[in-house]
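The working numbering applies: residue 12 is where the sequence shown begins, and numbers increase by one.
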Amino acid sequence: MSVLLTAAEMRLTKQANAYQIKNPNQVETEFTITSESKAAQTLKLNDQSKINDLKDFLKSYDMTNISTDELKKVGAELYKNGLIDDNVFSSFIGGDRAFDVNGEQTDTDKKFNAIAMFNEMLADNTAYNNEYPQYANQDSAIVARQGLIGANQAISALAYFANSGNSTLAVHEKA
Numbered sequence: 012m013s014v015l016l017t018a019a020e021m022r023l024t025k026q027a028n029a030y031q032i033k034n035p036n037q038v039e040t041e042f043t044i045t046s047e048s049k050a051a052q053t054l055k056l057n058d059q060s061k062i063n064d065l066k067d068f069l070k071s072y073d074m075t076n077i078s079t080d081e082l083k084k085v086g087a088e089l090y091k092n093g094l095i096d097d098n099v100f101s102s103f104i105g106g107d108r109a110f111d112v113n114g115e116q117t118d119t120d121k122k123f124n125a126i127a128m129f130n131e132m133l134a135d136n137t138a139y140n141n142e143y144p145q146y147a148n149q150d151s152a153i154v155a156r157q158g159l160i161g162a163n164q165a166i167s168a169l170a171y172f173a174n175s176g177n178s179t180l181a182v183h184e185k186a
């Protein structure tokens with residue numbers, strides 16, 4: 012059961028509700044990748060054995076039905092291998108952004124659609140920057156936006172690799 016906090020309650024606690032995904036069935040975004048070469052380029056993968064290793068690692072993950080715990084594992088693997096930077100890693104380990112009153116992540120095993128979530132977070136960020144342009148050029152706002160753009164790019168590449176059966180680069184890849 013989800014509890015929505017009022018503004019007064021939010022000032023007195025570190026608790027935050029999970030990000031509310033408006034379109035949980037969304038699987039395509041402007042970042043959607045349809046070829047292995049584009050997915051490899053997005054993650055700066057140029058070694059076929061590393062691509063195969065990543066595909067093997069991703070076989071048990073579905074980016075449209077993933078938990079915060081799983082997203083942390085995927086993010087850690089990507090970060091460890093230099094495929095994402097610390098801003099993108101931060102977006103991954105934040106998961107669905109649910110925290111208890113002590114600031115600890117909650118419901119980290121609850122599944123959600125990471126493709127839709129990161130896409131909607133970026134759209135919300137864009138809307139906020141448009142509404143409050145005085146904040147859009149601050150360093151923290153720029154870093155947050157770069158992290159969300161990178162998270163969208165990475166999650167799309169991961170979704171492609173997770174659903175790809177072919178282990179070699181090819182023009183006729185099954186999507």
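Backbone N, C-alpha and C define an ideal beta-carbon position, used for all residues, glycine too.
Where do the N-terminal and C-terminal ends of the alpha helix (DSSP H) with residue i fall, by residue?
i: Tyr-171; result: 150–174
i: Glu-41; result: Run containing Glu-41: none; DSSP gives neither H nor E here.
i: Met-74; result: Premise fails: Met-74 is in no alpha helix (DSSP H) and is neither H nor E.
i: Ala-125; result: 125–142
i: Lys-33; result: Per DSSP, Lys-33 belongs to no alpha helix (DSSP H) and is neither H nor E.
i: Leu-69; result: 59–69
i: Thr-53; result: 47–53
i: Asp-107; result: First-last for Asp-107: undefined, no H or E at that position.
Does the beta-carbon distance from residue i to residue j come in below 8 Å?
i: Phe-172; j: Leu-65; result: yes
i: Leu-94; j: Leu-56; result: yes
i: Ala-125; j: Ile-166; result: yes
i: Met-123; j: Ile-77; result: The sequence given here places Phe at residue 123; Met does not occur at that position. Closer than 8 Å, so yes.
i: Thr-117; j: Asp-111; result: yes
i: Glu-47; j: Ser-151; result: no
i: Gly-86; j: Lys-25; result: no
Have a look at the options and flag the residue whose alpha-carbon is nearest the alpha-carbon of residue i.
i: Asp-107; options: Ala-127, Thr-40 and Asn-113; result: Ala-127
i: Pro-35; options: Asn-174, Asn-130 and Val-85; result: Asn-130
i: Phe-103; options: Met-132, Ser-60 and Gln-149; result: Met-132
i: Thr-75; options: Ala-51, Ile-32 and Lys-91; result: Ile-32
i: Asp-96; options: Thr-53, Ala-134 and Gln-59; result: Thr-53
i: Lys-121; options: Asp-80, Lys-49 and Gln-145; result: Asp-80
If contacts are defined as beta-carbon pairs under 8 Å, then residue i and residue j qualify, I think. What distance do you get, rounded to the angstrom?
i: Ala-109; j: Ala-168; result: Contact flag wrong, Cβ pair sits at about 25 Å.
i: Ser-101; j: Gly-158; result: 6 Å
i: Ala-155; j: Asn-136; result: 7 Å
Would you call the segment 24–44 and the segment 154–170 in contact, with 3 or more CB pairs under 8 Å?
Yes, the segment 24–44 touches the segment 154–170.
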